[in-house]
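Taking it in order: structure first as structure tokens, then the write-up.
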Amino acid sequence: MADENLLLEKDGPLATITFNNPKALNALTVATFQGLDRLLTELEKDAKIRVVILTGAGEKAFVAGGDISHLGTLDADSAREFALLAQRVIDRLEAFPKPVIAAINGYALGGGCELAMGCDIRIASDSARFGQPEVKLGIIPGFAGTQRLSRLVGKGRAKELIFTGEMIDAEEACRIGLVNRVVAKESLMEEARSLAIKMCDKSSSAIRFAKEAIDNGLEMDFARGSRYEADLFALCFTTEDCKEGISAFMEKRPAKF
Ligand code: CAA
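In terms of the numbering used here, the sequence shown is residues 224 to 480.
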């Protein structure tokens, strides 16, 4: 069940979640995170869904951050609670057993940038803008932005973005590795869907293991990460997908996963 600020659309193997509060540039509230958590539970169980796309409603924003009017009501305890809720849901997105693509159609600021960084792949429209402007509000990123941004773009660039609060455009975000690619605004959703479709006829268990190997392995040293990869590689050989994939190759036919 979605709340009014989140729309869910299913189209065959693809699910699209749209942050839908364009009047406030899709700013994130406690309810948005609770709703997103519920949608992830639904999509995790739905075996027909193979890839999830996140995007924002309206012309201007993917998500312009945490809802500043809500932030204005917080004290230290409730601020920690909000941060921990958001971090838990974004962690869940990052560990989601199916690929998640962010189709970034406009501003991805503060919590919006942090949300996008929890996705596996980020595609930006040429009108997208990125930033962590929290210092302008006298706060710091609280949805794990200090951690994910420095891992994605390096410590120096993360510090520059976070200490200045300045926005960068999509091309610059691509240059520093914050997004995978930039596409024309009009073709953003088509590009996101066509990328998603390329994953849909592949082995979903293999993609899930690959995601685990990359995300969890990166938190280990190289030797432990490589051993972890070998364990997951071994686990692939217990799956039907592995039998099917290898048989299909030997029989010179397309694999059916
Ligand atoms: N929270 C609540 N409302 C927001 C918002 C936010 N993060 N961002 C925009 N809005 C609202 C504006 O208040 C405005 O509402 P009204 O029409 O009722 O006045 C509406 O959305 C449209 O915004 P603007 O009129 O400001 O649009 P603009 O095109 O002139 O500017 C913008 C766009 C540069 C993105 C500007 O809105 C802005 O700077 N927004 C705030 C961005 C920000 O600071 N984000 C970080 C929030 S902190 C955070 O995310 C916390 C965290 O990590 C834990």
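Ideal Cβ positions, reconstructed from N, Cα and C, are used throughout, including at glycine.
- Annotation for lysine 466: the continuous alpha helix (DSSP H) segment containing it runs 463-473.
- Cβ atoms of phenylalanine 386 and glycine 335 stay farther apart than 8 angstroms, at about 19 angstroms.
- Distance from the Cα of phenylalanine 366 is smallest, within the candidate group Leu316, Arg476 and Met390, for Leu316.
- A straight line joining the alpha-carbon of aspartate 269 with that of proline 320 spans about 12 angstroms.
- Apart from sequence neighbours up to five positions away, the residues of its chain that approach leucine 458 with a beta-carbon distance below 8 angstroms are Phe432, ordered along the chain.
- As a beta-bridge residue in DSSP terms, valine 323 pairs with Val275.
- Each residue's CA atom was taken as its position, placing tyrosine 451 and glutamate 463 some 21 angstroms apart.
- Residue range 344-348 is occupied by the beta strand (DSSP E) that includes alanine 347.
- Residue range 368-376 is occupied by the alpha helix (DSSP H) that includes arginine 371.
- The beta carbon of asparagine 244 sits closer than 7 angstroms to those of Asn228 and Ala250, all from its chain and outside the five residues before and after it, given in chain order.
- Between glutamine 355 and leucine 375, the C-beta spacing is not below 7 angstroms.
- When the beta-carbon positions are compared, glutamate 394 and valine 406 stay at least 7 angstroms from each other.
- For phenylalanine 472, same chain residues with a beta-carbon under 8 angstroms away, outside a window of 5 residues either side, are Ala478 in chain order.
- If the five residues before and after isoleucine 272 are omitted, its C-beta is found closer than 7 angstroms to the C-beta atoms of Lys233, Pro236, Ala238, Leu266 and Lys321, all from its own chain and listed in chain order.
- Here asparagine 439 has Tyr451 as same chain residues with Cβ atoms under 7 angstroms from its own Cβ, once five neighbours each way along the sequence are excluded.
- By the neighbour-count criterion, in which 16 or more other beta carbons inside 10 Å mark a residue as buried, arginine 311 falls on the exposed side.
- In this structure, the alpha-carbon of serine 350 lies about 13 angstroms from that of valine 402.
- When DSSP states are grouped into helix, strand and coil, glutamate 317 belongs to the helix group.
- Between isoleucine 399 and the set Ser417, Lys421 and Arg345, the nearest pair of CA atoms involves Arg345.
- The C-alpha of phenylalanine 256 lies about 46 angstroms from the C-alpha of lysine 475.
- With distances taken between CA atoms, lysine 408 lies nearest to Thr278 out of Lys246, Leu338, Leu259 and Thr278.
- Closest option to methionine 340, judged by alpha-carbon separation, among Met443, Val358, Asp314 and Ala302: Asp314.
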